[in-house]
Each structure stands twice: as C-alpha cells, then as structure tokens.
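Protein chains in written order, with the UniProt record's numbering: chain A, 1 to 310; chain B, 1 to 310. Using N, Cα and C, we set each Cβ at its ideal position, and we do this for glycine too. Since the model is a prediction, treat every value here as computed from it, not as a measurement. Everything on this sheet refers to the single structure shown next.
Number of protein chains: 2
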Amino acid sequence: MMTPAPLFERAALIGLGLIAGSMAHAMREGGLVRRIAGHARSAETRDTAREIGLVDEVFATAAEAVRGADLVVLAVPVGAMAAVAAEIAPHLAPGAIVTDVGSVKQSVIDAVAPHIPPGVHFVPGHPLAGTEHSGPRSGFSTLFRNRWWLLTPLPDSDGAAVERLAALARGMGANVEMMEPAHHDLVLAVTSHAPHLIAYTMVGVADHLRQVTQSEVIRYSAAGFRDFTRIAASDPTMWRDVFLHNKEATLDILGRFAEELFVLQRAIRMGDGQQLHDYFTRTRAIRRGIIEAGQDTAAPDFGRSAGPAA
Amino acid sequence: MMTPAPLFERAALIGLGLIAGSMAHAMREGGLVRRIAGHARSAETRDTAREIGLVDEVFATAAEAVRGADLVVLAVPVGAMAAVAAEIAPHLAPGAIVTDVGSVKQSVIDAVAPHIPPGVHFVPGHPLAGTEHSGPRSGFSTLFRNRWWLLTPLPDSDGAAVERLAALARGMGANVEMMEPAHHDLVLAVTSHAPHLIAYTMVGVADHLRQVTQSEVIRYSAAGFRDFTRIAASDPTMWRDVFLHNKEATLDILGRFAEELFVLQRAIRMGDGQQLHDYFTRTRAIRRGIIEAGQDTAAPDFGRSAGPAA
C-alpha cells in the first residue's frame, strides 16, 4: 500500500455532526489530512468529540478552530452559515480553502461569500450522503463511498482550489460532479427536499388519526409506511433550514406534487384502473434506473448496508 | 429437532406470485403441509413454477388445483378474487379452509363469501409482508418472519378453522392478530395504501420535470428520493386493485394528507421555522417507536436484510 502525502496540512471542521464526523473518520482512514481541528457550538457535543477522539483538537470557538487551517469545512445547518462565516473571516489563513456541506447552495453562497477575505478560496459543496442519525457519534468512514459530492464553484473560484477539494472528496470514496448553484437547488428540491417534506407529512398524518392508534401504525408499518419514517427522522434543525432556504424550488415541486396527487386521487374516485396501471408501470421503470445506476440494490426490502461497496 | 405432523394434507395456491411462492417455500421448510398444488393464470408463470419446482403439482385451472385440498389460498390481485371464487366453489372439498392474502378485506369478503358453499370455512387474511419484486421467482421462505399476519374472521367463522390457519401463519414465522375487516382497511389505508400512492406520485413528479433530467434524478436519488422508489416499484396490477377496492379509506387518508401538506407548504412560504421544527421533532419520535417495535432496525441507511431475524 502506497501512502500518499496528505492533501491538506490542517483541516478545521466547524460543526461536529454526522457529516463532519464522517469526514473526520474518512480523512483519517485515507491519510488525506495531517491534523484535524474541530468546533461545535454545544459543550456537550465538544465533550463527546473529545471523549471519542473524533478529531485531534476540539476548540470552544470557530475562530480558534480555523487558525492555521488550510481547509475549513462549514458543517452547520444552513441557517447558521452566515454567523459562522462572519465569525471566522478575520481568522482565516491566506490561501485557505473554505467549503461547506449545506444542502442548499445559492443561499449559502449569499450568506458566506461576502465574508470571505481576498486570498481565501470559497468552494461551496454538498455531499449527497446521510443517514437519519445525527450528532458526533453518528459518523462513519464509509458514508461517502459511491455517493455524489457536488461542488458548485463560483465564477471566480480558483481552479486549483476546486481540484484539491475534488481530490479530497474522491479520497473519501465519493464521485465528484460540478454544478451551477441554482441548478443544484432545483435538482435537490426534486430528489431530496420535496421527498423529505412529503415523508414528514405522511408520518404527521399517521400521528393524529383518531380511529387508528399510534401503536397500530407502528406495529403494521412494514406494509409501506416504514419507508417514509426513516427520512422523516432526520435532524429537525437541519431540515427546517433547508426548507426555509430553498423555499422557491421546494414550493414549486410540492405544487406539482399536489397537482399530480389530485389527478391520481380523481382516478381512484372515478375508478379509472387503466390510468392507475399506466402510471404505476412508468414509476417502476424509474426504480430500475436507480438500481442500474448503482444508487441502490435490487435486493428485496432494500438489503442496504451502512457502507455500500464502491 | 422435532418434526410435527403437517397442519394440512394438501394446500392449493391460486396465484403463484411473491406471496404464494414465499408461502410454498415457508410451508415446505416448516413441514407444515404434506403436498402443495398450484395454479397461475399465465402459462409462462406455470412453466416457471414447474421449472423451479415451486410446488408439487401445477394445474392449468384453479378448479383442478383445489380438488381434494384442505387449504385453499387465494393469492391473486384483489380485483380477480370474485371470478376465482366463482370458479373454484363447486370443486371445494367439504371441510376445506379457504383463505386469501388480499391487501383489502371488506371488498374481498363481499366478492368471495357469497360463493363459499356450506361446510367450507372462509377465513380472510392478509400477511403484511412483501418486497418490490413479483412473480414466481420472487418468493423466499423468510418473507413472513417477524411480520404480522392479520386474520379478519367473519362473525360465523369456525373457531377451529381460524386457529388452524393462525397456526400455519405462526409456523411460517409470522405474528397473528385478529381484526375487524373495516378496521383492517382503515389501518392499511394509513400504513400502506396511502404511502404507496404518495410514493407513486412523488416518483411520477420526478419523471416529468423538464429542467431536471431523469438521469439527474436517478443519479442523485440517494438524497431521499430513493426511499420512495422501492415501494413505487411494486406490482402495478395488485396496487391498481388495492386502490379501487379500498377507495373510501384511501381517499380519506389522502385528503388528510393533502390538508397537512398545505399546512407545511404554508409554513415554508411564511418562513415559520418554529412550526416546521416542532413538526419534524414529532415525526422523529414515531420512527423511534417503529424501531422499538422491531419493525425496522436503527442501522443507518436501513441496513435491512431480506430475512430479518425473528
């Protein structure tokens, strides 16, 4: 085994949740970064991070954590990005690369870019990976394997900085793709934000029915409902911020969804079996596409494992 | 290992898809039935069943298959139950138990019960188990393990027949529960039918967007959308029939769902972060309930396997 030189001397992870924690594990495993500093707002999270040795040094403030770092990763909820960027700006090392892992890109760019001093490279990013768990203990090194890491460089982003960050993502097992920020936000509204809101809604409906008890819903959830509950268990703060910061695209998709739902409701009411059958046949083909693209397995009932092979 | 006497001498499986096939495997593995006959409407399915030895004998008609059977399982789409019941009625052996595995109970009872001759016991049932695959090759013996098998006996159902059927379901690894047919249909509308329609709708929406290509939807599906596609890949004929035969309960839940969705859409539009956060915190608790009830695992990204341990 060849051990390549680290891509970065010192990484600072701002936020120590699922994504930052998984990055810490993956960066260490791959020898990608020489030293990892970290900061979390909550003292409890910082204590846990110290206890499990998640990073090399834990700092009480973001400003301290970024000192001397050539890589800074903003891994906080989207709504907290602006405040963090303002706090760290005066302490960023010249030539440092700043990136983020937010699920929305345009609003993060609007929040962060104005604070970035000249000579520091801001390259926004978004790893499409996650689980329903959160917190400093939830990370694992294989989270990014065979998943996409989207980078949305700005028109004036430094090409070498973008490439170095892409190499880091690839080193953690991800596939890297470049995208326009606005297009990113629309693609994610379809593939992630609207599905999450719909899952939250479905779980919420089940929660307040009178005739069907919650224990019955839980007991018989394997009949389909269960598939919604995993994503409806995702971190509430993170998702509140996603919806508030990708408002237009999400509302657009939800509007289309409501229209489509009404068409199918009407087909049920009218007893139009042919329309239902045609619709369900089309959606089946999309599932096959996902399996062929290696983003899920054909094993019945998912059969997914925590770390899908690359 | 003690080998108990079989519960039935001769089972007839009408329909040879995922559920019947899994029953054949599970009944054999458990030594629950001495001999298994089968029938499928499609010649291709019958040929496959013969080729893989799914059952002991394959018949071209349902009438032939049920001759001499003390257990008859109707495992066809809900919309086909009436015709099958009419066909087999004159050929049912005295004392036979007839059950079904349909996802809707009241309409199956309405369709089947009038055809059942005196001296034959009809005990409707519904195993809450399945995968997105269908056809004679899709079955496996552990499908029912740790899953619920709901029985909805009629007021005049024979107690001994109900108990014998319950023993069979338990022998295949399922947990058995009795339920009123109408309550069953409402519970399933919440836990299964509405979620399936919503998943079909979400996948359908993604399918006809212009600005986001289908290849992008597939590529980036792991961000949440993927969780919808599994259940939206389920058998189109089966599901068409479910919606048409559990129309009222499904439309009721879908109506509630649309209301709830609009409330959340409005919260996004108004920027009401507190309402979103409260909602998402509530739904997270339901997920925990499902894990505690053993109907899913807490392993990140599902971590499910085809045959969950009992």
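- Item | Reduced DSSP category for A:G303 - H, G, I as helix; E, B as strand; rest coil | Legend: pLDDT at A:G303 = 31, less than 50; position of this residue unreliable, no value from coordinates given.
- In three-state terms, what does DSSP make of B:A233? coil
- Of the residues that make up the region 223-248 of chain A, which ones have a beta carbon closer than 7 Å to any beta carbon in chain B? A223, G224, F225, R226, D227, F228, T229, R230, I231, A232, A233, P236, T237, W239, R240, F243, L244 and K247
- Query: Across which residues does DSSP place A:T99 in a beta bridge pair?
  - Reply: A:V73
- Query: Whose Cβ in chain B lies nearer than 8 Å to the Cβ of A:V73?
  - Reply: Simply none; closest approach about 19 Å.
- Message: Helix, strand or coil, according to DSSP, for A:G273 in the structure here?
- Response: helix
- Taking Cβ-Cβ distances shorter than 8 Å, what residues in chain A pair up with B:D207? Identification of chain A residues near B:D207 by a Cβ-Cβ cut-off of 8 Å yields R282, T283 and I286, ordered along the chain.
- Task: Would you please verify whether the beta carbon of A:T48 is less than 8 Å from any beta carbon of chain B?
- Result: no
- Item | Bridge partner(s) assigned by DSSP for B:G38 | According to DSSP, B:G38 bridges with B:L13 and B:V58.
- Query: For the alpha helix (DSSP H) that A:H196 lies in, which residues bound it at each end?
  - Reply: A194 to D207
- Message: Please classify B:E260 as buried or exposed, where buried requires at least 16 neighbouring CB atoms within 10 angstroms.
- Response: Buried is the call here.
- Does B:H25 come within less than 8 Å of chain A when only Cβ atoms are used? By this cut-off, B:H25 is not an interface position.
- Task: Could you name the residues of chain B that A:R256 contacts, counting a contact when the two beta carbons are closer than 7 Å?
- Result: Ordered by position in chain B, the residues that pass the 7 Å Cβ test against A:R256 are V205.
- Please check the pair A:V203 and A:A232, which I expect to be a contact at CB under 8 Å, by giving their CB distance rounded to whole angstroms. 4 Å
- Among A:A63, A:G102, A:V55 and A:I88, nearest to A:V78 - alpha-carbon criterion: A:G102
- With 16 as the cutoff for other CB atoms within 10 Å, does B:I253 come out buried or exposed? buried
- Message: Under 8 Å, Cβ to Cβ, is there at least one residue of chain A near B:S221?
- Response: Yes, B:S221 lies at the interface with chain A (some Cβ there is under 8 Å from its Cβ).
- Message: As a quick exercise: from B:V176, B:D156 and B:P155, pick the residue whose alpha carbon is nearest that of B:R164.
- Response: B:V176
- Task: Give me the Cβ distance between B:L74 and B:V84, rounded to the nearest whole Å; I'm assuming they're in contact under 8 Å.
- Result: 6 Å
- Query: chain A beta carbons: is any one of them nearer than 8 Å to that of B:A12?
  - Reply: no
- Query: DSSP puts B:P127 in a beta bridge; with which residues?
  - Reply: B:W149
- Query: Where does B:V190 sit, in a helix, a strand or coil, going by DSSP?
  - Reply: Correct three-state label for B:V190: helix.
- Query: To the nearest angstrom, how far is it from the Cα of B:S107 to the Cα of B:E87?
  - Reply: Rounded to whole angstroms, B:S107 to B:E87 spans 18 Å at the Cα level.
- Query: So, does the CB of B:M172 fall closer than 8 Å to a CB anywhere in chain A?
  - Reply: no
- Task: Could you please give me the residues that DSSP links to B:H121 through a beta bridge?
- Result: B:I97
- Task: Compute the Euclidean distance between the alpha carbons of A:L13 and B:H196, then round it to the nearest angstrom.
- Result: Going from the Cα of A:L13 to the Cα of B:H196 covers about 40 Å.
- Residues of its chain near A:A113, where Cβ-Cβ distance is below 8 Å and the 5 sequence neighbours each way are ignored: F122 and L154
- Proximity below 8 Å, CB of B:L7 to CB of B:G171: yes
- At 7 Å on the CB atoms, spell out the chain B contacts of A:I36, in chain order. Simply none; closest approach about 22 Å.
- Query: Does any CB atom of chain A fall closer than 8 Å to the CB of B:W149?
  - Reply: With 8 Å as the cut-off, B:W149 does not count as an interface residue toward chain A.
- Message: Counting only Cβ pairs nearer than 7 Å, list the residues of chain A close to B:G273.
- Response: R240 and L244
- Status (buried if at least 16 other CB within 10 Å, exposed otherwise) for A:D278: exposed
- List the whole-angstrom C-beta distance separating B:F243 from A:L276, where the pair is believed to meet the contact cut-off of C-beta under 8 Å. 6 Å
- Burial state of A:T237, where buried means 16 or more other Cβ atoms lie within 10 Å: A:T237 is buried by the Cβ-count criterion.
- Task: Assign A:P235 to one of two classes, buried (16 or more other C-beta atoms within 10 Å of its C-beta) or exposed (fewer than that).
- Result: First, the residue type needs correcting, since residue 235 of chain A is Asp and not Pro in the sequence shown. Buried is the call here.
- Message: Can you look up A:V104 in the DSSP assignment and give me helix, strand or coil?
- Response: Annotated three-state conformation of A:V104 is coil, per DSSP.
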